[in-house]
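For reference, the structure is listed below as structure tokens.
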Ligand SMILES: [Cu+2]
């Protein structure tokens with residue numbers, strides 16, 4: 023009896039040491055692979071959230087993600103304001119085509135506009151390849167101020183995408199030209215996520231602007247953004263939703279003017295004073311819904327689109343969150 027007990031105890035100890043050894047080896051290999059860990063899609067599916075981090079004109083994120091509904095947690099650890107926009111690319115077009123045929127055209131066009139040669143600048147955009155008009159914006163986060171985290175949920179079909187940010191540095195150069203554009207493969211494997219429970223419904227359209235259907239309270243809130251329609255605005259992109267917290271010195275007119283990237287003073291670092299961008303849902307096609315989740319403190323806020331003169335399109339809506 024005693025010997026069996028001892029045997030069991032010893033074997034228990036052996037298996038325990040073995041387990042510790044495995045765990046240790048596992049830890050070691052994780053450690054040496056620390057940078058790649060973020061890129062491991064299996065790792066990411068564990069908590070069902072796709073992490074994106076920006077430190078310096080980059081998107082640190084996995085190369086491949088599942089299709090279906092995905093929550094993206096975008097952490098802006100840089101000193102600039104950013105967003106991420108997901109673009110579905112036409113069949114056969116890759117990052118190589120973007121680097122050779124798209125980015126140089128936007129760079130030279132913007133340079134001319136910045137030099138005060140607007141007409142020549144806009145004419146330059148006519149040099150974009152014909153297939154560029156087939157690129158579909160399928161969502162992403164709204165603008166996010168330095169040090170903030172935005173959480174956005176969108177549904178993606180399998181395919182080849184580009185993730186980009188086209189906010190401008192203070193010298194007028196697009197972030198996408200500085201490295202904030204990358205490929206993203208959406209695999210056939212479907213995520214098991216389901217749509218979020220909504221607290222606040224927002225409709226957006228070219229005809230009615232932003233329409234908020236529910237009252238907004240403090241605390242953790244999930245907004246559902248329904249794109250009743252989508253059009254191409256004067257800045258060549260569609261309307262979207264950006265949530266902004268206002269502090270006392272915020273100037274709404276300055277914010278209204280800042281939302282136009284085709285203006286040399288628009289969508290450029292630094293962002294207007296007194297505004298903190300808290301994310302939102304980037305451009306999506308007609309009929310789509312995207313979600314964003316945010317913790318609201320009491321205060322004054324704005325929902326605004328990144329289009330020229332949003333207030334004139336009913337795309338600048340202020341609201342107050344009470345105590
Ligand atoms: Cu950026």
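Numbering (the numbering used here), first residue to last: 23 to 345.
We put the beta carbon where it would ideally sit given N, CA and C, even for glycine.
Rounded to the nearest whole angstrom, the CA to CA distance from residue 280 to residue 297 is 11 Å. In terms of Cβ geometry, residue 326 and residue 318 do not form a close pair [threshold 9 Å]. When the five nearest sequence neighbours on each side are left out, the beta carbons in the same chain lying within less than 7 Å of the beta carbon of residue 99 are those of 75, 76, 77, in order along the chain. Excluding five sequence positions before and after residue 342, the CB atoms of its chain that fall closer than 6 Å to its own CB belong to 322, given in chain order. Taking 8 Å as the cut-off, one finds no heavy atom of ligand 1 near enough to the beta carbon of residue 174. Counting only unbroken stretches of 3 or more residues, no beta strand (DSSP E) element lies wholly within the segment 184 to 208.
By the criterion of a C-beta distance shorter than 8 Å, residue 117 is surrounded in its chain by 184, 203, 204, 205, once the five residues flanking it on both sides are discounted. Checking the DSSP bridge columns, you'll see residue 223 partnered with 246.
For residue 164, the secondary structure class from DSSP, reduced to helix, strand or coil, is coil. Here residue 283 is not near residue 177, since their CB atoms are 9 Å or more apart.
Secondary structure at residue 283: coil, using DSSP grouped into helix, strand and coil.
Residue 96 holds the alpha-carbon nearest to the alpha-carbon of residue 168 among 276, 255, 243, 96.
Contact between the segment 246 to 256 and the segment 302 to 316 is present: 3 or more CB-CB pairs across the two stretches fall below 8 Å. Under the three-state reduction of DSSP, residue 109 is assigned to strand. Taking C-beta separations shorter than 8 Å and ignoring five residues to either side along the sequence, the partners of residue 211 in its chain run 88, 89, following chain order. 232 is the residue among 246, 270, 232 whose C-alpha sits nearest the C-alpha of residue 261.
Per DSSP, residue 327 has no beta-bridge partner at all.
Between residue 159 and residue 301, the C-beta spacing is not below 9 Å. The three-state reading of DSSP puts residue 173 in strand, counting E and B together.
Beta-bridge partners assigned by DSSP to residue 153: none are found. Residues of the same chain with a CB within less than 6 Å of the CB of residue 165, apart from the 5 flanking positions on each side, are 103, 105, 264, 299 in chain order. Ranked by how close their Cα comes to the Cα of residue 230, the residues 120, 107, 194, 335 have 335 in first place.
In this structure, residue 180 sits away from residue 153, with a CB-CB distance that is not shorter than 9 Å. Contact annotation: residue 174 and residue 81 have beta-carbon atoms that are not nearer than 9 Å. When the Cα atoms are used, residue 150 and residue 198 turn out to be separated by approximately 16 Å. Judged by beta-carbon spacing, residue 161 lies beyond the 9 Å limit of residue 218, meaning their Cβ atoms are not closer than that value. Secondary structure note for residue 128: its alpha helix (DSSP H) is the uninterrupted segment 125 to 136. DSSP places residue 122 within a helical segment (H, G or I) once states are collapsed to three. The C-beta of residue 84 has 16 or more other C-beta atoms within 10 Å across all chains shown, which makes the residue buried.
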